[in-house]
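Asks:
Chains as they are written, first to last, in my numbering: chain A, 1 to 479; chain B, 1001 to 1095; chain C, 2001 to 2484.
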């Protein structure tokens, strides 16, 4: 039988507020355990939550960016369950009335556009962390993360492959970082997702039984986890078995998903409106103000890159996928006096390769946008050739300074003195009479190929510093 | 509505309360009586009545996003049953 | 001195007829003598109190005073105090010292009051007789073997017996008014949101409200001046213009429209108590009030709705008591589940556990609509009843309780009978209205309380009515014989 995969994602995105969602404690990552957990975060008796304005604003910005309905009135509820990283015995979350309602975004997979529905996005507080190492028969609890604001973005079950799920997750990641509402740092857990996966016979309308894959914290893992789960479910279904609705954990080390220990009792979260918090009301004025202040978003930027820089749709897409990369590109173009295409090629080629090789992020590239732009300027003004530029780039990457300095330190300037070059051309011609003979006796179309030999010799003789165009010209004349 | 002992055990587990067999019996009686009282609510038709979660019809006042708390770990952990290396300790949790 | 009201003592301090140190010592002596019988205090803080008293006297010398400076007081043991244990009447918090002060504590400290200790209460404020306290029952000062009411039973008994001129209380379903009535003192439950709940250990967050328990309405006004006020740390705190609650105390009551809810004068009201209440109403008439009957048609549903909403909120509010970060932890937990279940089973008393279970049940899957949502709808109906009533009358008057104090142990085996002692008080909390109980007479030597219910933020009006009533009656000046 042919099966169709159905995927929905719940993305947990940590909002980049300074203080926590319901307390004035800092949200900075990496502090010593429990030094950023105040009385409210610890759930001490008598203390009360007060909602952070910025968290609400950020959620609304997201809603506006995905063209969603923003709730005029939203309500915080308590989700009740006991766990050591949940100090109050309940998580404050939004249940019936979330701040962001129905919206949508477009994704692109293999050149095909597809719209993915967003069911809702709601605000909630994060839990703390458990540390299992270092204590024989104990678990240690660090509540620094408790109370950090999260935006949980729930998609419709609109994705049909792991690739679509990855594209969707990347698109949301790109949106929240563009909006500046999250640092999107996946290593630190600022951006993670749960995936709901099910299969159904192709053509079938009703959904199959789904499993929930928990806490996936990288794009690569989303793809792996979903593909493994799809295979697992398919094996079961093909054997005539049925899927159990359950929560599964993806283990990247073993490359498999496994069932989380099912609790004796089914979860009964007993949601009810949090009596310590009042309904949040968003007025039209605020919406209009926020809408007008929204930054340029990835799709708009992509279109502009195509229009303004004459880049291809593909190149624009790559360059605008990350806000930091797009900013890098634009700064680079400015430094390179508008040589957009050359900048795009260098960024997507040499720079990307170097970043990948050294596992670096664009934000901490040793070659800044200005450095790269200045170097590109040296290509366009014929100071260096594209080939020599690769050496210059390596030098910059390794910290030898900016392009001009490397060009002069290493003596990489192109030979522009035509007299000297002419002498070298004469020498190459006189040193290789056989090849000259062959060239002169060949038809024009073949000559084009044969001239490469002389160019190569010239480049060898000048250690690549000759201007290839100039060399070609001289050779053609003299031959 | 009466609550039998099985119900009591289920509620007790949800509430994380250890309830012995003999207590179960008396809780079952108490809770059934209380629910009997509570079910007088059914004497009135409340269709179309908007539920009231809060006495005042006011809306949330929001806090500015400022860090106002300082590290008080030492003070907070002085009243904790078991801490080590700044962490609160609980019996080992298996995940 | 113990016979005097807080305002009289305040005058004595102003006129320097007495010092705060002397006053404080006087009440410490009375506590030492009488508390072993009454058990109205869980903690007495002699040294800290004397220090605060000296500081108050020093302030007076520098003229940095409020009318409350140097006046001894006690907090119900539900208000967090940073240097004094806050037990909430529970074994769960027997070792708990809060790392912060409640806003109310901070405000009264700033006003210069002297804390003599923390008063006894029903465990986590769940009870109507003070019998659920981990620290034992409190005796009603008017009669041995009778309850003082609850949950602010310790505060009520201490004020009634003259061990303290004023104590704080909290009222979730009658916990200020009912013990005030049963002990013969003045108790005010303000409008929800007027007094900050920060640092006041939560029972049912949408119902809880702190207030003063005093010998007179004038005293309550003086204290409310410093208890009320907007608090940015409490999201449900209301921004209201500051008022001096003593300003209108002497206002004329001519033309005051008093409504008597028919539903409060039915067969559930003891006939002798009814007579006392009738007499009190006649006094109001003498002061110029016009009396009419009103309807609160859904009043009989207030107890059923309350015993869903309050337990539901409490079941969640009390989840934080898990033996991990503070408070009681069971001995040698085998695993996490054992830690939770045993800590909570051993740390909480029976009534608290009953309410946690009722609340858990009412919120659980499949029952939410039938119980919790239904109760919230009834809550709306009750509020509507009050709104309708206040279009016709200025104040609603009736008995605070169906009968006077009952004997210790009489109702502990039957929770429902205990719950019914709050039949006239809980609807006020569900609606969030302000209300008072003031002494109105006696039945068989036990005090009877008159309840005054006002519209939202009409505390000033209530205090005015109560004060005028107290200028022509002297029930509030009586002191039980054993404590004279």
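Every residue gets a Cβ at the ideal spot worked out from N, C-alpha and C, and that includes glycine.
Where does residue 2438 of chain C fall in DSSP's three states?
Replies: Translated into the one-based positions of the third chain, residue 2438 of chain C becomes position 438. Per DSSP, reduced to three states, the secondary structure at residue 2438 of chain C is strand.
Asks: Taking Cβ-Cβ distances below 8 Å as the criterion, which residues of the segment 140–162 of chain A are in contact with chain B?
Replies: 140, 141, 142, 143
Asks: Listing by chain order, which chain A residues have their CB less than 8 Å from the CB of residue 2199 of chain C?
Replies: Translated into the one-based positions of the third chain, residue 2199 of chain C becomes position 199. Listed by position along chain A, the residues whose Cβ is nearer than 8 Å to that of residue 2199 of chain C are 46, 47.
Asks: Measuring CA to CA, which of A:239, A:244, A:172 is closest to residue 196 of chain A?
Replies: Position 196 of the first chain, counted from the start, is the residue given in the question as residue 196 of chain A. Ranking the options by Cα distance to residue 196 of chain A, first place goes to A:244.
Asks: Residue 2307 of chain C to residue 1027 of chain B, Cα distance in whole Å?
Replies: Counting from 1 along the third chain, the entry for residue 2307 of chain C is found at position 307. Counting from 1 along the second chain, the entry for residue 1027 of chain B is found at position 27. Here the C-alpha atom of residue 2307 of chain C lies approximately 16 Å from the C-alpha atom of residue 1027 of chain B.
Asks: Counting only C-beta atoms, is residue 2357 of chain C closer than 9 Å to chain B at any point?
Replies: The sequence position of residue 2357 of chain C within the third chain is 357, counting from 1. Yes, residue 2357 of chain C lies at the interface with chain B (some Cβ there is under 9 Å from its Cβ).
Asks: Nearest by alpha-carbon distance to residue 397 of chain A: which of A:105, A:432, A:440, A:351 is it?
Replies: Position 397 of the first chain, counted from the first residue, corresponds to residue 397 of chain A. That would be A:351, whose Cα lies nearest to the Cα of residue 397 of chain A.
Asks: Does DSSP put residue 2430 of chain C in a helix, a strand or coil?
Replies: Against the third chain, residue 2430 of chain C aligns to sequence position 430. Residue 2430 of chain C: helix per DSSP, three-state reduction.
Asks: Please classify residue 2481 of chain C: is it buried, with 16 or more other beta-carbons within 10 angstroms of its beta-carbon, or exposed?
Replies: Along the third chain, read from residue 1 onward, the residue named residue 2481 of chain C stands at position 481. Classification for residue 2481 of chain C: exposed.
Asks: Taking the C-alpha atoms as reference points, what is the distance between residue 1035 of chain B and residue 228 of chain A?
Replies: Stepping through the second chain from its first residue, residue 1035 of chain B is reached at position 35. Stepping through the first chain from its first residue, residue 228 of chain A is reached at position 228. Cα to Cα, residue 1035 of chain B sits roughly 49 Å from residue 228 of chain A.
Asks: Closest to residue 1101 of chain B by CA distance: which of B:1064, B:1008, B:1057 is it?
Replies: Lying before the first or after the last residue shown, residue 1101 of chain B is absent from chain B, which here runs from 1001 to 1095.
Asks: Taking Cβ-Cβ distances below 9 Å as the criterion, which residues of the segment 274–301 of chain A are in contact with chain C?
Replies: 274, 275, 276, 277, 278
Asks: Should the segment 1039–1057 of chain B be called in touch with the segment 26–40 of chain A, which here means at least 3 C-beta pairs below 8 Å?
Replies: no
Asks: Measuring only the C-alpha atoms, how far is residue 2282 of chain C from residue 2261 of chain C?
Replies: By one-based count along the third chain, residue 2282 of chain C stands at place 282. By one-based count along the third chain, residue 2261 of chain C stands at place 261. Cα-Cα distance, rounded: 16 Å.
Asks: Roughly how many angstroms separate the alpha carbons of residue 80 of chain A and residue 2340 of chain C, rounded to a whole number?
Replies: Stepping through the first chain from its first residue, residue 80 of chain A is reached at position 80. Stepping through the third chain from its first residue, residue 2340 of chain C is reached at position 340. Going from the Cα of residue 80 of chain A to the Cα of residue 2340 of chain C covers about 14 Å.
Asks: When the cut-off is 9 Å and only beta carbons count, does residue 258 of chain A lie next to chain C?
Replies: In the first chain, counting from the first residue as 1, residue 258 of chain A sits at position 258. No, no contact with chain C.
Asks: Fully enclosed by the segment 2087–2130 of chain C, which beta strand (DSSP E) runs are 3 residues long or longer?
Replies: 2114–2119
Asks: So with Cβ pairs under 9 Å, would you call residue 132 of chain A a contact of chain B?
Replies: Translated into the one-based positions of the first chain, residue 132 of chain A becomes position 132. True, the Cβ-Cβ gap to chain B drops below 9 Å.
Asks: Per DSSP, which one or two residues make a beta bridge with residue 1088 of chain B?
Replies: If you number the second chain from 1, residue 1088 of chain B lands on position 88. Note: residue 1088 of chain B sits in a beta bridge opposite A:141, B:1083.
Asks: Measuring only between beta-carbons, confirm whether residue 271 of chain A sits less than 9 Å from chain C.
Replies: As a first step, residue 271 of chain A must be located in the first chain, where it is residue number 271. For residue 271 of chain A, the answer is yes, since a Cβ of chain C falls inside 9 Å of its Cβ.
Asks: For a minimum of 3 consecutive residues, which ranges assigned as the beta strand (DSSP E) are wholly contained in the segment 74–124 of chain A?
Replies: Here the runs fully enclosed are 76–80, 90–94, 103–109.
Asks: So, for residue 1077 of chain B: in the same chain, excluding its five sequence neighbours on each side, which residues have a beta-carbon less than 8 Å away from its beta-carbon?
Replies: Along the second chain, one-based indexing puts residue 1077 of chain B at 77. For residue 1077 of chain B, where only same-chain residues beyond five positions count, the Cβ hits under 8 Å are 1083, 1086, 1088.
Asks: Smallest Cα separation from residue 187 of chain A: which of A:218, A:438, A:208?
Replies: Here the question's residue 187 of chain A lines up with position 187 in the first chain. Comparing Cα-Cα distances from residue 187 of chain A to each of A:218, A:438, A:208, the minimum goes to A:218.
Asks: Considering just the uninterrupted stretch of the beta strand (DSSP E) at residue 2179 of chain C, what are its terminal residues?
Replies: Counting from 1 along the third chain, the entry for residue 2179 of chain C is found at position 179. That residue, residue 2179 of chain C, is in no beta strand (DSSP E); its alpha helix (DSSP H) goes 2177–2183.
Asks: So, at 7 Å on beta carbons, what are the nonlocal neighbours of residue 2070 of chain C in its own chain, with the 5 sequence-adjacent residues on each side left out?
Replies: By 1-based counting over the third chain, the position of residue 2070 of chain C is 70. Around residue 2070 of chain C: 2013, 2020, 2023, 2053, 2056, 2057, 2060, 2112, 2114.
Asks: Sorted by chain position, which residues of the same chain lie with C-beta nearer than 8 Å to residue 2049 of chain C's C-beta, five sequence neighbours on each side aside?
Replies: Locating residue 2049 of chain C in the third chain gives position 49, counting from the first residue. Cβ within range, chain order: 2024, 2028, 2072, 2114, 2115, 2116, 2117.
Asks: Measuring only between beta-carbons, confirm whether residue 1072 of chain B sits less than 9 Å from chain A.
Replies: Counted from its first residue, the second chain places residue 1072 of chain B at position 72. Yes, its Cβ sits closer than 9 Å to a Cβ of chain A.
Asks: Closer than 8 Å, Cβ to Cβ, to anything on chain C: give me those residues from the segment 1014–1025 of chain B, in chain order.
Replies: 1014, 1015, 1016, 1017, 1018, 1019
Asks: Going by other Cβ atoms of all chains shown within 10 Å of its Cβ, with 16 needed for buried, is residue 14 of chain A buried or exposed?
Replies: In the first chain, the residue the question calls residue 14 of chain A occupies position 14. Buried, since its Cβ has 16 or more Cβ neighbours within 10 Å.
Asks: Should residue 2309 of chain C go down as buried or exposed, given a rule of 16 or more other Cβ atoms within 10 Å for buried?
Replies: Residue numbering aside, residue 2309 of chain C sits at position 309 when the third chain is read from its first letter. That one is buried.
Asks: By the three-class DSSP mapping on this structure, what secondary structure does residue 2074 of chain C have?
Replies: On the third chain, position 74 is the one that residue 2074 of chain C refers to. The answer is strand: DSSP assigns residue 2074 of chain C an E or B state.
Asks: Under the rule that 16 or more other beta-carbon atoms within 10 Å means buried, what is residue 1059 of chain B, buried or exposed?
Replies: The residue you call residue 1059 of chain B lines up with position 59 of the second chain. Exposed: under 16 other Cβ atoms inside 10 Å.
Asks: Any contact between the segment 2327–2340 of chain C and the segment 2263–2276 of chain C? By contact I mean 3 or more CB pairs, one from each, below 8 Å.
Replies: no
Asks: Using the Cβ count rule (16 or more neighbours within 10 Å means buried), how would you classify residue 430 of chain A?
Replies: Working through the first chain from its first residue, we reach residue 430 of chain A at position 430. Residue 430 of chain A is exposed by the Cβ-count criterion.
Asks: Is the shortest distance between the beta-carbon of residue 42 of chain A and the beta-carbons of chain B less than 9 Å?
Replies: If you number the first chain from 1, residue 42 of chain A lands on position 42. So, interface residue.
Asks: Round the Cβ separation of residue 2439 of chain C and residue 2190 of chain C to the nearest angstrom and send it over; I've been treating them as touching at under 8 Å.
Replies: Start at 1 with the first residue of the third chain, and residue 2439 of chain C comes out as number 439. Start at 1 with the first residue of the third chain, and residue 2190 of chain C comes out as number 190. In fact, because the Cβ distance is near 19 Å, the residues do not count as touching under 8 Å.
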